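Protein chains in written order, with the numbering used here: chain Y, 1 to 177; chain V, 1001 to 1177.
Presented below is the structure to which this report refers.
Number of protein chains: 2
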Amino acid sequence: MLGSPPAERIGAVSEMKQPRWLTPNEREMWMRLVGITFLLPGVLETQLKRDAGLTFFEYHVLAMLSEADERTRSMSDLARWSNSSLSRLSHVVTRLEKQGWVRREACPDDRRATNAVLTEEGFAHLEAHAPGHVDEVRRQVFDVLDQDQVRAMSEGLGSVLAQIDPGSSAAPNGHCG
Amino acid sequence: MLGSPPAERIGAVSEMKQPRWLTPNEREMWMRLVGITFLLPGVLETQLKRDAGLTFFEYHVLAMLSEADERTRSMSDLARWSNSSLSRLSHVVTRLEKQGWVRREACPDDRRATNAVLTEEGFAHLEAHAPGHVDEVRRQVFDVLDQDQVRAMSEGLGSVLAQIDPGSSAAPNGHCG
DNA sequence: CGCGTATAGTTGAAGGCTAAAGTAATTTGG
DNA sequence: CCAAATTACTTTAGCCTTCAACTATACGCG
């Protein structure tokens, strides 16, 4: 239900606003993209859960924190950087806090804001398991792509991402306070 | 925690098995792919839930059924076609059954097997809302890509998908019975 | 100032997903 | 031809996510 329907059903000339069905090429790409969005997180999560006790999303949150100034970001910024809602992030940070990998701090400048800080243990845990994760990413993704393909996909994916998340390119890097 | 670490930490020549960190190009592509896998399903689901009362995954299941022989597939085949576990599919089909969009049928040939059948109402519902969904897919994805980009991405995504789901290309089309 | 609105974040309930275990039928291998 | 292993599917429980509601602070402006 994505490509064009049987010819008989297109007949009615008077019909307004024919849906712009996907071409065969588009449909093929679409099926593949859907397949990847469905399967890739699960594949990576299997390795992460087994080796590091982390969700793919949790790993990503820790990684985004590790690259921030002073390993600290406001919840809102961290949500933007990890492509999540504030609510989802809040729940996850609560979990990570219980593990001792992240700590919440009040922001002195803006008393509405909360900073999430990656703890030493959190950083150590990430550092310990990053190589295994990167290896898995390589095995599943980059080992089957050559440099030109990487460049081409990066370009296309960048366009789509800019479309679905216009705010992402404007993400600040700092924390508050 | 995906690109190379600061130079000081690479110093130890004797260190075995340096992780194969991502190059800047790879890292850029990776961040974009992760962003899309996190955000795209949600974006499409917003439209689908509002207009059709369907999850992205539910829509996909109905779509895969609609294209099968007699709009019927065994649960196992349907799971393969919709990139899901049998368990997830079973839950979803139960839900779709309650809505009257899908019906389960025993398979006469193999009494372990169950066929999922798209009902008339299910097909009508899909047909009614497919144009809106396709429009959304176009807006979010294909309107920002030219034909060459579509071909290039299709190729790259195909390689990755083949890697993470070797069984997907061998999916049969028929139902049992 | 003070009112309305926007921003920042948390929480709780409802529902979906995963993993593991359970049932049942079929195939395989001795 | 029977036991063991495999395949097909369902179910239960627990975790995760989403959605809506709520608190609290900051900003805009008449």
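Glycine residues also receive a C-beta, built at the ideal position from the N, C-alpha and C atoms.
This one's a predicted model, so the numbers in the text were calculated from it and none came from an experiment.
For Q140/Y, the nearest CB of chain V lies under 8 Å from its own CB, placing it at the interface with that chain. The beta carbon of L1065/V sits closer than 8 Å to those of R1071, T1072, R1073, L1078, V1102, A1116, V1117, L1118 and G1122, all from its chain and outside the five residues before and after it, given in chain order. Annotated as distal: G167/Y and M1153/V, with beta-carbon spacing of 8 Å or more.
The bridge partners DSSP lists for R112/Y come to none. Nearest Cα to A63/Y within the set M31/Y, V134/Y, Q149/Y and S85/Y: V134/Y.
By the CB criterion at 8 Å, V34/Y and V1160/V fall outside the cutoff. E1026, E1028, M1029, W1030, R1032, L1033, V1034, G1035, I1036, T1037, F1038, L1039, L1040, P1041 and V1043: these are the residues of the segment 1026-1054 of chain V whose beta carbon lies less than 8 Å from some beta carbon of chain Y, given in chain order. The C-beta separation of V93/Y from R104/Y comes to about 7 Å, placing the pair in contact by the 8 Å criterion. Around the beta-carbon of N83/Y, 16 or more other beta-carbon atoms lie within 10 Å, marking it buried. Per DSSP, reduced to three states, the secondary structure at L118/Y is strand. Looking at the backbone, the Cα of R1027/V and that of L1002/V are separated by about 7 Å.
In the three-state DSSP reduction, S1074/V falls in the strand class (E or B). Under the 8 Å criterion on CB atoms, S1090/V is classed as non-interfacial with respect to chain Y. By the CB criterion at 8 Å, D69/Y and N173/Y fall inside the cutoff. Collapsing the DSSP output to three states places V1141/V in coil. When C-alpha distances from R111/Y are compared across F57/Y, M75/Y and S90/Y, the shortest belongs to M75/Y. Annotated as proximal: L22/Y and W30/Y, with beta-carbon spacing under 8 Å.
Taking 8 Å as the cut-off, the beta carbon of I164/Y is found no closer than this to the beta carbon of T1037/V. Taking 8 Å as the upper bound for CB-CB distance, A130/Y and P1019/V are in contact here, some 7 Å apart. By the rule that beta-carbons nearer than 8 Å mark a contact, Q149/Y touches chain V. Taking all protein chains in view, the Cβ of R50/Y is surrounded by fewer than 16 other Cβ atoms within 10 Å, so the residue is classified as exposed.
Proximity of chain Y to Q1163/V at the Cβ level (cut-off 7 Å) is accounted for by Q140 and V144, in chain order. Rounded to whole angstroms, the gap between the alpha carbons of V1137/V and E120/Y is 43 Å.
Nearest neighbour of R88/Y by Cα position, chosen from R139/Y, L54/Y and V61/Y, turns out to be V61/Y.
Around the beta carbon of L1048/V, 16 or more other beta carbons lie within 10 angstroms, which makes this residue buried.
Counting the other CB atoms within 10 Å of its CB gives Q1147/V a total below 16, which places it among the exposed residues.
According to the DSSP secondary-structure assignment, E105/Y is paired through a beta bridge with N115/Y. In the DSSP assignment, W30/Y falls within the alpha helix (DSSP H) that extends over P24 to A52.
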